[in-house]
Amino acid sequence: MNDNDPLAVPQRRPRPADPADRPARLAVGVVGAGRVGAPLAAALALAGHHVVAASGVSDASRRRAEELLPGVPLTTPQDVIARADLVLLTVPDDALRDLVGGLAATGALKPGQLLVHTSGRFGVGVLEDAARAGALPLALHPVMTFTGTSVDVQRLVGCSFGVTAPEVLRPVAEALVVEMGGEPEWIDESARPLYHVALANGANHLVTLVAQSRDLLAAAGVRAPDRMLGPLLGAALDNALRSGDLALTGPVARGDAGTVAAHVAELRRVAPEALAAYIAMARLTADRALTAGMLKPESAEALLDVLAEGGA
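In terms of full-length UniProt numbering, the sequence shown opens at residue 1 and continues consecutively.
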């Protein structure tokens, strides 16, 4: 393996041979046994911890808990916290602050209890009420999309986690990530919003772009858009991760204003809802290609004129 290769696969840490051969070190509870909570708890169980309770309201959450956390009782959030040394708060971002405030106000939290949330958006500031009550706040965000199945547990091996914690708890936070098979990456509290938008912009919008391309290919009569796109997009992603802007190809990076004008006209005719996104991405691509020295200024001027007319 080339140690200087940013895409080299990190050496994966082996899982414990059998958690039954070693005593559980922490009693783990899950508040919100959804797509993220159940797999993370299962990973901690593989590392030798003991999952003692989980809460889940929906039928889907209950099914996930039955599959990934067999034998673990489903109960109320207050009961989960009463039983656990380490509590995973895996609820939607917008619900997290109110949940923490409510738990702190009712006295449910115990001094010295590890309280872990998995939101990418927040650091530990959102757990401030819990910290005042004596809980130990950690933010451990797995940089992965989740299905809520056993596949997720396997995908955690080598997965990056965005870690934010008080400095004194940093070793604990990073150790928990390593135990789940992940790779801890320290994120300052103030950088959490920028960190999260970077991930969302890449992963979420990538899905939208790919789905849109599939639809357009289908409209063009392509019988297997997935098969056509797979090799192309895989190569583009690999090249972009390796080379950044130097991986740019296509009519925008070449300054081919005539082709871009044809694209704009065709999208206006067939998929007008996609036109604004195409123009915005083409402008951003042109800016990056120009900065990277791949696009000549005179070509960029003609290209941007076409995009301005297309967006009018």
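All C-beta atoms, glycine included, are put in the ideal place defined by N, C-alpha and C.
Inset, instruction - Report, in whole angstroms, the separation of the C-beta atoms of L68 and P39, which I expect to be a contact under 8 Å. - result: 6 Å
Legend entry - For V153, the nearest candidate out of A271, T106, R283, A43 (CA to CA): A43
Inset, instruction - Could you check what DSSP says for S55 in three-state terms: helix, strand or coil? - result: strand
Legend entry - Inter-residue Cα distance where the pair is A203 and E167: 30 Å
Legend entry - Beta-carbon separation (whole angstroms), L127 vs H117, contact threshold 8 Å: 7 Å
Inset, instruction - Starting from A104, trace the beta strand (DSSP E) both ways and give me its first and last residue. - result: First-last for A104: 93 to 105, but that is the alpha helix (DSSP H), not the beta strand (DSSP E).
Legend entry - Whether A53 touches Q78 by CB criterion (8 Å): no
Legend entry - Close Cβ partners of L307 (< 8 Å) along its chain, the five nearest in sequence each way excluded: V260, V264, I279, A282, R283, A286
Inset, instruction - May I have the straight-line CA-CA distance separating R35 from L295, to the nearest angstrom? - result: 44 Å
Legend entry - Alpha-carbon spacing of V91 relative to V31, whole angstroms: 7 Å
Inset, instruction - Please name the residue or residues paired with P137 in a DSSP beta bridge. - result: L115
Inset, instruction - Pull up the distance between the alpha-carbon of T145 and that of G162, whole angstroms please. - result: 14 Å
Inset, instruction - Note down the Cα distance separating P251 from R223, rounded to an integer number of angstroms. - result: 25 Å
Legend entry - Span separating the alpha-carbon of L246 from that of V124: 37 Å
Inset, instruction - Return the residue from the list S119, L209, P184 that minimises the CA-CA distance to C159. - result: P184
Legend entry - Beta carbon proximity, A65 to chain B, threshold 8 Å: Absence of chain B from the displayed structure is noted, only one protein chain being present.
Legend entry - Euclidean distance between Cα positions of V87 and A262: 55 Å
Inset, instruction - Answer yes or no: do R192 and R97 have a C-beta to C-beta separation smaller than 8 Å? - result: no
Inset, instruction - Verify whether the separation of the beta carbon atoms of I81 and L99 is less than 8 Å. - result: no
Inset, instruction - Determine the extent of the beta strand (DSSP E) in which A27 is found, giving its start and end residues. - result: 27 to 31
Inset, instruction - Within its chain, find whatever has a CB closer than 8 Å to the CB of L304; leave out the 5 residues flanking it on each side and keep chain order. - result: R283, A286
Inset, instruction - With a 10 Å radius around its C-beta and 16 neighbouring C-beta atoms as the bar for buried, classify R269 as buried or exposed. - result: exposed
Inset, instruction - Determine the direct distance from the alpha carbon of G56 to that of L199, and round the result to whole angstroms. - result: 27 Å
Inset, instruction - Work out the CA separation of E189 and S119 for me, nearest whole Å. - result: 12 Å
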